[in-house]
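These notes are about the structure you will find just below.
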Amino acid sequence: MTNEKRQPVMAGNWKMNMNHLEAIGYLNKMAFSLIDADYARTEVAIFPPFTDIRSVQTVIDADHLSIVYGAQDISAHDSGAYTGEISGSMLKKLRVKYALIGHSERRAYHHETDESVNAKVKAAIKNDLVPMIAVGETLDIKQAGNAVEHTLSQVQAALKDVRSNYVGELVIAYEPVWAIGTGEVATPQDAQDMSMAIRQKVAKLYSQDVAEKVRILYGGSVKAGNVKSIMEQPDVDGALIGGAALDPDEFLRIIRWPDQP
Ligand code: PEP
1314 MTNEKRQPVM
1324 AGNWKMNMNH
1334 LEAIGYLNKM
1344 AFSLIDADYA
1354 RTEVAIFPPF
1364 TDIRSVQTVI
1374 DADHLSIVYG
1384 AQDISAHDSG
1394 AYTGEISGSM
1404 LKKLRVKYAL
1414 IGHSERRAYH
1424 HETDESVNAK
1434 VKAAIKNDLV
1444 PMIAVGETLD
1454 IKQAGNAVEH
1464 TLSQVQAALK
1474 DVRSNYVGEL
1484 VIAYEPVWAI
1494 GTGEVATPQD
1504 AQDMSMAIRQ
1514 KVAKLYSQDV
1524 AEKVRILYGG
1534 SVKAGNVKSI
1544 MEQPDVDGAL
1554 IGGAALDPDE
1564 FLRIIRWPDQ
1574 P
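What the sequence shown shows, in this note's numbering, is residues 1314 to 1574, in sequence order.
Below you can see the structure in the form of structure tokens.
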């Protein structure tokens, strides 16, 4: 079972899905179904597109919902001539809690590098946002037997020059690229082994105390039908969920992971 010192988080990454009206409908459905016991056990986080964030904030505030929200990306820059970018201070003003950084789709389609991921982690921290850093290997790297080495090097690069007092608060999402949106899920043991390796890496870079605090999620084709066995692993503190989080009923079942088969 997950570590009692770390509150599990279930994070729904909507990617480029759902406009602001659909976001409002989704949240109303969640608000109707979620009860205090759900929020007490598990932090519920959604990552809508930027254009939905104001509407999400308004519904959450109006109904005093305990749902938190994050942005799917953040600019490394503070302000200025960066057309299309969204800064950390803009997100903070909308009371965004998390910034998802280094998702494999951004690394693959937007040429994000370990260096830009590190700059974005620092931009998030500078603006009091919690970085949720995505790492993980492609199929080629896995088949070559280099998954652990590759993933840990992504972790180390993302945290370069980040001070230890921030590291305990952040979230690392282990997302094997071959499992994202494919229906192929890592075995619970594989999710555990990589999460433990990430935690040990954080302990080596910082301290055991920091490593015990950092929350490590698994992401990649998580559904209600497979979430429980993943969540039962001691170093897995939650899940980052794409496709299955678009259906509020399915996301609700995932949030209620102890009740699942
Ligand atoms: C993701 O986008 O981070 C993800 C894990 O997607 P999916 O759950 O659809 O595999």
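Glycine included, each C-beta is placed from N, C-alpha and C at the ideal position.
Restricting to Cα atoms, I'd like to know which of the options is closest to residue i.
i	options	result
D1376	A1389, L1340, L1404, R1419	L1340
M1403	D1548, F1363, Y1531, A1350	F1363
A1537	K1318, N1326, D1562, L1378	D1562
Y1531	V1448, K1455, G1415	V1448
Q1513	I1414, G1393, V1527, Y1395	V1527
L1483	G1383, G1496, G1397	G1383
S1388	V1549, K1433, G1494	K1433
A1353	Q1320, N1539, Q1385	Q1320
H1463	M1445, A1421, M1507, D1474	M1507
A1524	G1481, G1496, Q1505	G1481
I1446	K1318, I1511, G1458, D1453	I1511
V1461	E1428, E1450, A1471	E1450
W1491	V1468, Q1456, S1520, L1452	L1452
K1318	P1574, D1522, F1564, H1424	D1522
D1427	A1504, V1549, N1440, Q1469	Q1469
Should residue i go down as buried or exposed, given a rule of 16 or more other Cβ atoms within 10 Å for buried?
i	result
L1465	buried
M1329	exposed
L1442	buried
W1327	buried
R1476	exposed
L1413	buried
G1496	exposed
M1314	Low confidence applies here, because M1314 scores a pLDDT of 48, under 50, leaving its location unreliable and the question unanswered by this model.
P1361	buried
Which residue comes first and which comes last in the alpha helix (DSSP H) that contains residue i?
i	result
S1331	Reading off the sequence, residue 1331 comes out as Met, not Ser. Note, M1331: premise wrong, no alpha helix (DSSP H); not H, not E.
A1358	A1358 -> not in any alpha helix (DSSP H); beta strand (DSSP E) instead, spanning 1356-1360.
A1510	1501-1518
Please return the same chain residues whose Cβ sits closer than 8 Å to the Cβ of residue i, not counting the five positions on each side in sequence.
i	result
I1568	M1323, L1347, D1351, T1355, V1357
V1535	V1498, I1543, A1552, L1553, I1554, A1557, I1567
K1410	A1358, V1381, Y1382, G1383, L1442, V1443
I1399	F1363, A1384, D1386, I1387, S1388
I1366	Y1382, A1384, L1404, L1407, V1409
Could you give the first and the last residue of the continuous beta strand (DSSP E) run that contains residue i?
i	result
F1564	First-last for F1564: 1561-1568, but that is the alpha helix (DSSP H), not the beta strand (DSSP E).
Once you ignore the five residues that flank residue i on each side, which residues in its own chain have a CB closer than 7 Å to its CB?
i	result
R1408	Q1370
K1342	P1561
S1290	The requested residue 1290 is not part of the displayed model; the chain covers only 1314 to 1574.
W1570	V1540, K1541, M1544
S1417	A1447, G1449, E1488, V1490, I1493
F1345	none
I1454	A1460, H1463
Q1467	D1427, V1448
Using C-beta distances below 6 Å, list every residue in its chain close to residue i, excluding the 5 sequence neighbours before and after it, in chain order.
i	result
Y1479	I1438
P1501	S1542, I1543, Q1546
A1516	A1524
A1471	V1430, N1431, V1434, I1446
L1559	N1330
F1564	G1325, A1558
Review point. If you scan the segment 1365-1446 from start to end, which runs of the beta strand (DSSP E) of 3 or more residues do you find wholly inside it?
Key: Listed in chain order, the beta strand (DSSP E) runs fully inside the segment 1365-1446 are 1381-1384, 1411-1414, counting runs of at least 3 residues.
**Study point:** alpha helix (DSSP H) runs wholly inside the segment 1522-1567, at least 4 long, in chain order
**Key:** For the segment 1522-1567, whole alpha helix (DSSP H) runs of length 4 or above, ordered along the chain, are 1540-1544.
Check your understanding: Which full runs of the beta strand (DSSP E) of 3+ residues lie inside the segment 1445-1493, going along the chain?
Key -> Within the segment 1445-1493, the complete beta strand (DSSP E) runs of at least 3 residues are 1484-1487.
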